[in-house]
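Per mature numbering (1 follows the signal peptide of the UniProt record, and there is no 0), the sequence shown runs over residues -22 to -1, 1 to 198.
Glycine included, C-beta positions come from ideal geometry on N, C-alpha and C.
Note that the coordinates shown come from a computational prediction; the quantities given were computed from them, not determined experimentally.
Notes follow once the structure below has been shown.
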Amino acid sequence: MKTTVCAALALGLLAAASAAHAADAARARLDAFAKGLNSLSGSFEQQVFDPNGTAGKKTQGTLALEAPRQFRWDVVKPYQQQIVADGMHVWIYDPDLEQVNVRNQGVEEAHSPLTVLTDLKQMDVEYAATEQGERDGATWLRLKSKAKEPDFEYADLGFDAQGLARMTFKDTLGNRTEIHFADWKRNPAMPAGHFKFTPPPGVDVIGDVKPEAEVRPIKD
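Here is the structure:
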């Protein structure tokens, strides 16, 4: 199943003392991880589960984010796929099919659970965040979109001592995606054109590149 991220486990019951201790733990870790963050790169391992809990193949690859709304997601195993969001459009390139899909980068898509890492103020405007306690070696924060028609039901961000370690999200069709992160590099110098995409010669391009995309750069 070729499913990507452009981030559904049961809540742990905590004793009163533990709940008080964890009341702001995940949000505090998010704030610490995102402080001074303008760009981010790392690696990931992802697995998708259908509504019946059946697991798809694990995928592995690399990702990169840059404020305000750019991201790049490169799947390298067990197949290749590239997703590039340049702030105006989202490009999805499948080399096996020799096909590129392109669409306008909508507001909610631009403000995904990962891109909010570089813009916490916008996160607080667009998401309701609630503490989920500790489980599986991580402290969890749940994000639920305030949009009338959200693209996903919720996204859980899991933090360990090193920062963001995991993300679990459930889409509106009931599919659950679990992602493990590693090798984070904070504010790396991104190569020129890293968040630009030009369709390779000879591939089919499906969709239109339109100038009226909803995303606009953030004003200070």
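Check: Helix, strand or coil: how does DSSP classify V187 here?; Outcome: coil
Check: Between the alpha carbons of L98 and K126, how many angstroms are there, rounded?; Outcome: 21 angstroms
Check: Short of 7 angstroms in beta carbon distance, which residues of its chain neighbour A77, apart from the five on each side in sequence? Order them along the chain.; Outcome: The sequence as given places Gln at residue 77; Ala does not occur at that position. Taken in chain order, the residues that qualify are V181, D182, I184.
Check: Please report the distance separating the alpha-carbon of A143 from that of D186.; Outcome: 36 angstroms
Check: Does the contact criterion of 3 or more C-beta pairs under 8 angstroms hold for the segment 105 to 123 versus the segment 61 to 79?; Outcome: no
Check: Hey, which unbroken runs of the beta strand (DSSP E) at 3 residues or more fall wholly within the segment 28 to 68?; Outcome: 37 to 44, 48 to 55, 59 to 63
Check: Given 7 angstroms as the limit, tell me if Y132 has its C-beta closer than that to any heavy atom belonging to the ligand PLP.; Outcome: With respect to the ligand PLP, the structure offers nothing, as it holds no ligand at all.
Check: Which residues in the same chain have their Cβ closer than 6 angstroms to the Cβ of Q140, if we skip the five residues on either side of it in sequence?; Outcome: none
Check: In terms of DSSP beta bridges, what is N79 paired with?; Outcome: I70, I184
Check: With a 10 Å radius around its C-beta and 16 neighbouring C-beta atoms as the bar for buried, classify G171 as buried or exposed.; Outcome: exposed
Check: Taking C-beta to C-beta, are F27 and I157 nearer than 8 angstroms?; Outcome: no
Check: Looking at the structure shown, is F173 part of a helix, part of a strand, or coil, going by DSSP?; Outcome: coil
Check: In angstroms with no decimal places, state the Cα-to-Cα distance between R5 and L119.; Outcome: 7 angstroms
Check: Looking only at its chain, what residues have a beta carbon closer than 6 angstroms to the beta carbon of H(-2), apart from the 5 residues adjacent to it on each side?; Outcome: Note that H(-2) scores a pLDDT of 37, beneath 50, so its modelled location is shaky; the value from the coordinates is reported in the next line. Counting only Cβ-Cβ distances below 6 angstroms, and skipping sequence neighbours, we find nothing.
Check: How is A167 classed by DSSP in three states: helix, strand or coil?; Outcome: coil
Check: With 16 other CB atoms within 10 Å as the buried threshold, where does L41 fall?; Outcome: buried
Check: Quick check on DSSP: helix, strand or coil for T96?; Outcome: helix
Check: Which stretch, first to last residue, makes up the beta strand (DSSP E) that contains L15?; Outcome: Looking at the DSSP string, L15 is not in any beta strand (DSSP E), and its letter there is neither H nor E.
Check: In the DSSP assignment, find the unbroken beta strand (DSSP E) run with residue 214 in it and report its ends.; Outcome: This structure cannot settle anything about residue 214, because the visible part of the chain is limited to -22 through 198.
Check: What residue does the beta strand (DSSP E) around D149 start on, and which one ends it?; Outcome: 141 to 149
Check: Name the residue from Y57, F173, G136, T176 whose alpha carbon lies nearest to the alpha carbon of R7.; Outcome: G136
Check: Mapping the DSSP letters down to three states, classify Y132 as helix, strand or coil.; Outcome: strand
Check: Buried or exposed, going by whether 16 or more other CB atoms sit within 10 Å of the CB of T132?; Outcome: The amino acid at residue 132 is misidentified as Thr; the sequence shows Tyr. It is buried - the Cβ of Y132 has at least 16 other Cβ atoms within 10 Å.
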